[in-house]
Amino acid sequence: MGKKLHFHIGVDNTASNNTVSSTADNSSSAGSAVSSSTNKQRNYKDGEYVGKSTATAWGNVQLKIKIANNRLTQITVLKYPNTHSHSVELNRQVLPVYRQEAVKSQSANIQQISGATETWKGFTGSLQSALIQARQA
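Per my numbering, the very first residue in the sequence shown carries number 4; after that it's consecutive.
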């Protein structure tokens with residue numbers, strides 16, 4: 004509570020897979036949503052992995068991740084709730100932040116953004132599924 008996130012978002016409306024780029028300015032003195040386990044060895048196998056499609060109250064979320072040099076380097080959102088204009092706008096704002104925080108933390112242990120809990124549940128569920136695949140490969 005009391006945490007403010009400022010969004011600076013660029014959206015590629017031509018991409019069929021809803022790839023977006025962003026930066027997030029986290030002005031809170033409490034720090035960002037980064038897990039303290041960033042430096043732990045994860046033992047991921049390099050490659051691309053598609054997470055399970057995770058159901059939410061507003062629709063499914065599915066991610067594809069890329070692992071390079073034992074690190075999570077890229078997250079592509081394959082599916083996200085987009086049947087209502089509010090969902091589309093909300094997800095255009097929060098998905099880039101969730102992606103950035105997950106890459107930064109090298110895990111699915113990211114903080115949810117108020118008002119985007121369902122997207123967070125789907126995002127972290129699909130991401131965790133993909134990361135498990137990368138560890139077991």
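Idealized CB from N, CA, C, for every residue including glycine.
Strand pairing of K82, partner residues [DSSP] = Q65
ask   = So Y52 is in the beta strand (DSSP E); what residue range does that whole segment cover?
value = 50-53
key: Terminal residues of the alpha helix (DSSP H) in which A105 lies   = For A105, the uninterrupted alpha helix (DSSP H) run begins and ends at 88-108, by DSSP.
inquiry  = Beta-carbon within less than 6 Å of V106's beta-carbon, same chain only, minus the 5 sequence neighbours each way: which residues are those?
reply    = So the list reads L75, once near-sequence residues are dropped.
Residue nearest to S65 in terms of C-alpha spacing, selected from T86, K48, Y52, N73 = In the sequence on display, residue 65 carries Gln and not Ser. It is Y52.
Per DSSP, the bridge partner or partners of L134 = According to DSSP, which records beta bridges pairwise, L134 is partnered with nothing at all.
message = On the criterion of 16 or more Cβ atoms from any shown chain inside 10 Å, does N73 qualify as buried, or is it exposed?
response = exposed
inquiry  = Measuring only the C-alpha atoms, how far is N63 from Y47?
reply    = Their Cα atoms are separated by approximately 25 Å.
ask   = Since I116 sits in a beta bridge, which residues does DSSP pair it with?
value = The partner list for I116 (beta bridge, DSSP) is empty, contrary to what the question assumes.
message = Three or more C-beta pairs under 8 Å: does that hold for the segment 118-130 against the segment 83-97?
response = yes
ask   = Rounded to a whole number of angstroms, what is the C-alpha to C-alpha distance between T79 and N85?
value = Taking the CA atoms as reference points, T79 sits about 16 Å from N85.
request  = State yes or no: is the C-beta of G54 within less than 8 Å of the C-beta of S110?
outcome  = no
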